[in-house]
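Input: a single structure, listed below in structure tokens.
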Amino acid sequence: MVSASQEHEARVVDAAPKKLYINGQWRDAREGRVLNVHDPSTGSVLCTVADASPEDGRDALDAAQAAQKDFAAMPPRKRASILMRAFELMHERQDDLAMLMTLEMGKPLAEAAGEVAYAAEFFRHFAEEATRISGGYQTAPAGNARFVIRKEPVGPSLLITPWNFPLAMGTRKIGPAIAAGCTSVLKPAELTPLSMLALAQVLEDAGAPPGVVNIVVTSTAGQVMEPLIRSGIARKLSFTGSTPVGKKLLEQCADKVLRTSMELGGNAAFVVFEDADLDKAVEGAMLAKMRNSGEACTAANRMFIHRSVMHEFSEKLAQRMGQLKVGRGVDEGVQVGPMVDATQRDKVKELVDDAVGAGAKVVVGGEAGPGEGFFYQPTVLRDVPLQARMWNEEIFGPVAPLTPFDTETEVVDLVNDTEYGLVNYVYTNDLTRALRVAENIESGMVGLNQGVVSNPAAPFGGMKESGLGREGGDTGIDEFLETKYIGIAM
Ligand code: ADP
Numbered sequence: 001m002v003s004a005s006q007e008h009e010a011r012v013v014d015a016a017p018k019k020l021y022i023n024g025q026w027r028d029a030r031e032g033r034v035l036n037v038h039d040p041s042t043g044s045v046l047c048t049v050a051d052a053s054p055e056d057g058r059d060a061l062d063a064a065q066a067a068q069k070d071f072a073a074m075p076p077r078k079r080a081s082i083l084m085r086a087f088e089l090m091h092e093r094q095d096d097l098a099m100l101m102t103l104e105m106g107k108p109l110a111e112a113a114g115e116v117a118y119a120a121e122f123f124r125h126f127a128e129e130a131t132r133i134s135g136g137y138q139t140a141p142a143g144n145a146r147f148v149i150r151k152e153p154v155g156p157s158l159l160i161t162p163w164n165f166p167l168a169m170g171t172r173k174i175g176p177a178i179a180a181g182c183t184s185v186l187k188p189a190e191l192t193p194l195s196m197l198a199l200a201q202v203l204e205d206a207g208a209p210p211g212v213v214n215i216v217v218t219s220t221a222g223q224v225m226e227p228l229i230r231s232g233i234a235r236k237l238s239f240t241g242s243t244p245v246g247k248k249l250l251e252q253c254a255d256k257v258l259r260t261s262m263e264l265g266g267n268a269a270f271v272v273f274e275d276a277d278l279d280k281a282v283e284g285a286m287l288a289k290m291r292n293s294g295e296a297c298t299a300a301n302r303m304f305i306h307r308s309v310m311h312e313f314s315e316k317l318a319q320r321m322g323q324l325k326v327g328r329g330v331d332e333g334v335q336v337g338p339m340v341d342a343t344q345r346d347k348v349k350e351l352v353d354d355a356v357g358a359g360a361k362v363v364v365g366g367e368a369g370p371g372e373g374f375f376y377q378p379t380v381l382r383d384v385p386l387q388a389r390m391w392n393e394e395i396f397g398p399v400a401p402l403t404p405f406d407t408e409t410e411v412v413d414l415v416n417d418t419e420y421g422l423v424n425y426v427y428t429n430d431l432t433r434a435l436r437v438a439e440n441i442e443s444g445m446v447g448l449n450q451g452v453v454s455n456p457a458a459p460f461g462g463m464k465e466s467g468l469g470r471e472g473g474d475t476g477i478d479e480f481l482e483t484k485y486i487g488i489a490m
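Per UniProt numbering, the very first residue in the sequence shown carries number 1; after that it's consecutive.
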């Protein structure tokens with residue numbers, strides 16, 4: 001018998017758009033290529049999706065260019081209405097969008113539904129920002145002229161998103177682009193194109209004019225995107241992904257001096273001082289580590305625990321991690337889904353084996369499996385030596401490595417001993433220490449006594465090799481705006 005869940009799974013996959021979305025049209029790739037989308041919890045193929053060639057990419061950018069002038073002239077209130085309607089539609093379609101995301105990416109349904117709401121919130125946030133774009137009127141110091149300062153859309157923008165938050169990483173870019181009056185071409189990760197295509201449907205239904213948002217799915221990202229970056233038509237690249245790819249794209253952007261926003265890798269530390277509330281710290285660690293099964297650039301990658309509370313903290317954390325239910329994200333009560341693919345699962349396995357080989361002790365987990373999909377058990381490792389690879393490489397999986405520290409100075413140095421600077425988490429009940437440590441930490445974001453920092457109303461982004469620019473908050477829209485000054489003789 002087919003269960004209600006199986007019926008829902010089949011229905012959303014069947015109904016999902018599977019073509020490229022270019023100039024308001026749903027169309028096949030010019031060369032008729034398709035790529036397979038997999039369910040990481042079984043390894044089986046869910047469906048095929050049109051796989052764009054460089055010519056399709058060029059069509060998309062041409063459409064964005066053609067739509068740019070009229071879109072920039074659209075009244076801000078109207079642009080805001082498109083975003084607000086898209087926000088509402090995402091909530092109306094929350095269950096189906098969540099199911100689609102779980103099927104292609106693996107995260108449990110409850111988390112997927114949470115991401116749909118989080119992603120929609122970027123649209124509401126930027127709908128509100130669209131009508132608040134301001135400028136200035138100023139007297140020149142010599143008194144003989146006036147300055148009018150005006151914000152204008154940057155122009156056609158290229159947006160590249162990763163697979164770990166298939167919707168939110170898209171709305172975080174599309175939201176400010178639309179609010180600012182920029183048209184765009186978005187390329188989602190090939191592992192998770194269905195969520196983004198479903199979002200294109202939302203935007204079409206919300207009244208986004210043809211060419212304003214174009215979605216190009218491709219298995220040959222470099223070949224499709226590089227000519228667009230170098231075309232001279234695109235004026236901006238907003239990228240979320242790995243640091244090595246981000247660096248390569250920055251080089252390509254130099255050619256035509258594109259504006260760039262780069263959300264790259266992280267290597268977050270999670271620090272628990274001896275005066276912290278340990279239960280709250282464990283709660284925060286579960287979030288900082290296990291949100292998205294650890295597949296997040298914000299995931300706690302290095303946990304530094306004061307030596308005096310190490311035993312108690314590790315026992316409590318191991319107990320919580322050991323109780324988590326692992327399985328297909330669509331199944332009732334599942335809290336941890338599979339890794340997104342075999343490569344990701346094997347990387348996690350390799351890093352754990354390396355740490356154990358270097359002397360780390362497994363408190364709980366430490367194994368791949370079970371089943372056909374790309375699963376890895378929630379794992380706690382203690383006394384991970386600082387030469388273990390996982391201190392320098394993003395684990396991107398459900399593995400919490402703990403190591404003890406003795407002093408504040410020592411731990412701040414350890415936290416900063418990385419080329420990354422996205423986010424760090426600090427647990428302490430000493431206010432002065434909290435602020436001192438937060439100020440001395442080299443990262444764009446700090447979670448003080450909290451395990452999640454992502455919020456559409458706050459500026460998200462990194463220092464050092466974690467990136468350039470900020471998304472969300474009241475500065476996110478600036479990434480898509482140019483400042484023009486008009487000097488007027490008096
Ligand atoms: P991850 O490790 O999350 O897969 P990547 O940086 O490889 O990170 O991928 C993030 C996004 O960048 C994906 O959409 C991917 O297809 C895209 N991408 C990867 N390589 C390139 C490239 N050379 N040019 C443009 N986009 C790329």
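Even for Gly, the Cβ is constructed at its ideal location relative to N, Cα and C. Bear in mind that the values here come from a model prediction, so they are computed numbers and not experimental data.
Query                                                                                                          : Result
Closest by C-alpha distance to residue 493, when choosing among L351, P378, R172, E465                         : In the structure displayed, the chain extends from 1 to 490; residue 493 sits before or after that span and is not available.
Beta-carbon proximity check, P108 vs P338, cutoff 8 Å                                                          : no
For I133, the residue or residues it bridges with in DSSP                                                      : For I133, which the question treats as bridged, DSSP gives no partner whatsoever.
At least three beta-carbon pairs within less than 8 Å, the region 178 to 195 to the region 208 to 228          : yes
Sufficient close CB pairs (3 or more, under 8 Å) joining the region 341 to 356 to the region 312 to 325        : no
Ranges of the beta strand (DSSP E) found wholly within the region 209 to 296, counting only runs of at least 3 : 213 to 215, 236 to 240, 259 to 263, 268 to 272
Range covered by the alpha helix (DSSP H) that runs through residue 493                                        : Any answer about residue 493 is impossible in this case: the structure gives the chain only from 1 up to 490.
Residue(s) in a DSSP beta bridge with P404                                                                     : I305
Any non-hydrogen atom of the ligand ADP closer than 7 Å to K236 Cβ                                             : no
Span separating the alpha-carbon of N23 from that of P210                                                      : 5 Å
As assigned by DSSP and simplified to three states, the class of V12                                           : helix
E152 - partner residues in DSSP beta bridges                                                                   : E482
Near the ligand ADP: I395 beta-carbon under 7 Å from a heavy atom                                              : no
Per-residue DSSP class, three states only, for I488                                                            : strand
Where W391 falls: helix, strand or coil (DSSP)                                                                 : helix
Other residues of its chain near V446: CB distance less than 6 Å, five sequence neighbours each side excluded  : N424, A438
Cβ-Cβ separation, E393 to L351 (assumed contact under 8 Å), whole Å                                            : 6 Å
I178 versus G467, A80, S134, K316, residue with shortest Cα-Cα distance                                        : A80
Host alpha helix (DSSP H) of S195 (start-end)                                                                  : 193 to 205
For V380, the first and last residue of its enclosing beta strand (DSSP E)                                     : 379 to 382
V50 versus G32: straight-line alpha-carbon distance, rounded                                                   : Looking at the sequence provided, one finds Ala at residue 50 rather than Val. Straight-line Cα distance between these residues: approximately 7 Å.
Residues near K325 in its chain [Cβ-Cβ closer than 8 Å; skip 5 each side]                                      : G333, V334, Q335, V336
When M84, V116, F87, D275 are compared against L97, the one with the closest alpha-carbon                      : V116
For Q94, the first and last residue of its enclosing beta strand (DSSP E)                                      : Element bounds for Q94: not the beta strand (DSSP E) but the alpha helix (DSSP H), 94 to 105.
Identity of the residue in Q94, N164, A140 nearest G106 by Cα                                                  : N164
Minimum C-alpha distance to S157 - residue among R433, K236, G181                                              : K236
Sub-8 Å separation of G155 and Q252 beta-carbons                                                               : no
Cβ separation of P54 and V224, assumed to be a contact under 8 Å, to the nearest whole Å                       : 5 Å
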